[in-house]
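A short worksheet on the structure shown next.
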Amino acid sequence: QSVLTQPPSVSGAPGQRVTISCSGSSSNIGAGYDVHWYQQLPGTAPKLLIYANNNRPSGVPDRFSGSKSGTSASLAITGLQAEDEAHYYCHSYDSSLSDSVFGGGTQLTVL
Amino acid sequence: RVTLRESGPALVKPTQTLTLTCTFSGFSLSTSGMCVSWIRQPPGKAPEWLALIDWDDDKYYSTSLKTRLTISKDTSKNLVVLTMTKMDPVDTATYYCARISKCISTSFAFDIWGPGTMVTVSS
Chain A
70 QSVLTQPPSV SGAPGQRVTI SCSGSSSNIG AGYDVHWYQQ LPGTAPKLLI YANNNRPSGV
130 PDRFSGSKSG TSASLAITGL QAEDEAHYYC HSYDSSLSDS VFGGGTQLTV L
Chain B
304 RVTLRESGPA LVKPTQTLTL TCTFSGFSLS TSGMCVSWIR QPPGKAPEWL ALIDWDDDKY
364 YSTSLKTRLT ISKDTSKNLV VLTMTKMDPV DTATYYCARI SKCISTSFAF DIWGPGTMVT
424 VSS
């Protein structure tokens, strides 16, 4: 059981907006540690999607955005496309565990 | 262009030691702020951070696995090696190496990943 909690699945129709939450605590997100997001397409390695809460690496479409507030963070995807169907993972640091930690992951289905 | 690639045995027996090599190009591990990390992902599960080595040869390990892990680097050959002792079937996973280009705090992100190598632990 991860210290970062994500919904197991979310879905949306093409063109819609979806959000994926990442709920933490005072020893990770709430302590001010950055949150990063990764997209994992089937059979491939995770790819960095958002770093340091709300920054996109070069080449990531601006349909993807991140935010952080209190002990939680969110990934928003607008203008859903079929190619967005993937697993999404949040990632941060936990001071109680002294470890870099991942969320349990969220499967996005594009209906 | 930055690339990383993992290599090692696809199958190890329980109790054996696993040795994995990460060969990279497009960056130098002698550059200040640069790190390489190992992450694993059991089938159908989330990734799990394992270890990290930085440009200054400092090493950091997962709290739960640190007694079994050793990470090292050869900067001249652009490679990082991870060894994991006492392998068990629960260690069956895809093992990834990844670059961290801003490795100056504990809030680092893995910005480039290798394709991964699947390791099965079975007798």
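Heads up: the protein sequence lines correspond to chains A and B, in order.
Per my numbering, the first sequence runs over residues 70 to 180.
Per my numbering, the second sequence runs over residues 304 to 426.
Using N, Cα and C, we set each Cβ at its ideal position, and we do this for glycine too.
This one's a predicted model, so the numbers in the text were calculated from it and none came from an experiment.
Under DSSP, the beta strand (DSSP E) around residue 362 of chain B begins and ends at which residues? Per DSSP, residue 362 of chain B belongs to the beta strand (DSSP E) from 362-364.
Reference residue 387 of chain B, options B/424, B/351, B/397, B/373, closest by Cα: The shortest Cα separation from residue 387 of chain B among B/424, B/351, B/397, B/373 belongs to B/373.
Using C-beta distances below 8 angstroms, list every residue in its chain close to residue 333 of chain B, excluding the 5 sequence neighbours before and after it, in chain order. 358, 378, listed in sequence order.
Comparing C-alpha positions only, which one of A/164, A/150, A/118 sits nearest to residue 157 of chain A? Ranking A/164, A/150, A/118 by Cα distance to residue 157 of chain A puts A/118 first.
Taking the C-alpha atoms as reference points, what is the distance between residue 93 of chain A and residue 319 of chain B? Cα to Cα, the separation comes out at about 36 angstroms.
Can you find the residues in the same chain that come closer than 7 angstroms, C-beta to C-beta, to residue 304 of chain B, ignoring five residues on each side of it along the sequence? For residue 304 of chain B, the CB contacts under 7 angstroms within the same chain, skipping 5 residues up- and downstream, are 329 in chain order.
Can you pull the chain B residues whose beta carbon is under 7 angstroms from the beta carbon of residue 136 of chain A, in chain order? By Cβ distance, chain B contributes nothing, its closest Cβ being about 16 angstroms from residue 136 of chain A, past 7 angstroms.
Can you confirm whether residue 155 of chain A, when its beta carbon is compared against all beta carbons of chain B, has any partner nearer than 8 angstroms? Nearest CB-CB separation between residue 155 of chain A and chain B: not below the 8 angstroms threshold.
Applying the 10 Å Cβ sphere with the 16-neighbour rule, what's the burial state of residue 393 of chain B? Exposed, since its Cβ has fewer than 16 Cβ neighbours within 10 Å.
Collapsed DSSP secondary structure at residue 96 of chain A in the structure displayed: When secondary structure is reduced to three states using DSSP, residue 96 of chain A falls in the coil class, being assigned neither helix nor strand.
Residue 414 of chain B touches chain A at which residues, Cβ-Cβ below 8 angstroms? Neighbours of residue 414 of chain B across chain A, judged by C-beta separation under 8 angstroms: 117, 120, 126.
Please list the partners that residue 114 of chain A has in chain B, where partner means a Cβ-to-Cβ separation under 7 angstroms. Taking a Cβ-Cβ cut-off of 7 angstroms, the neighbours of residue 114 of chain A in chain B comprise 399, 416, 417, 418, 419, given in sequence order.
Out of A/122, A/75, A/100, which has the shortest C-alpha to C-alpha gap to residue 167 of chain A? With distances taken between Cα atoms, residue 167 of chain A lies closest to A/100.
Does DSSP put residue 129 of chain A in a helix, a strand or coil? DSSP places residue 129 of chain A in coil when its eight states are reduced to three.
Whole angstroms is fine: what's the gap from residue 397 of chain B's alpha carbon to residue 95 of chain A's? Residue 397 of chain B and residue 95 of chain A have their C-alpha atoms roughly 31 angstroms apart.
Going along the stretch 315-328 of chain B in order, which residues come within less than 7 angstroms of chain A, judged by CB to CB distance? Listed by position, the residues of the stretch 315-328 of chain B near chain A (Cβ gap below 7 angstroms) amount to none.
Please look up how many angstroms separate the CB atoms of residue 75 of chain A and residue 178 of chain A, rounded, as I've assumed it's under 8 angstroms. At roughly 15 angstroms, the Cβ-Cβ gap does not stay under 8 angstroms, so residue 75 of chain A and residue 178 of chain A are not in contact.
Using beta carbons (cut-off 8 angstroms, strictly below), is residue 168 of chain A in contact with chain D? In the structure shown, chain D cannot be found, because the protein chains are A and B.
Euclidean distance between Cα positions of residue 149 of chain A and residue 410 of chain B: Roughly 29 angstroms between the two C-alpha positions.
Which residues in chain B sit within 8 angstroms of residue 143 of chain A, going by Cβ to Cβ distance? Correct list: empty, because the minimum Cβ distance to chain B is about 17 angstroms.
Who are the neighbours of residue 174 of chain A on chain B, taking C-beta pairs under 7 angstroms? 349, listed in chain order.
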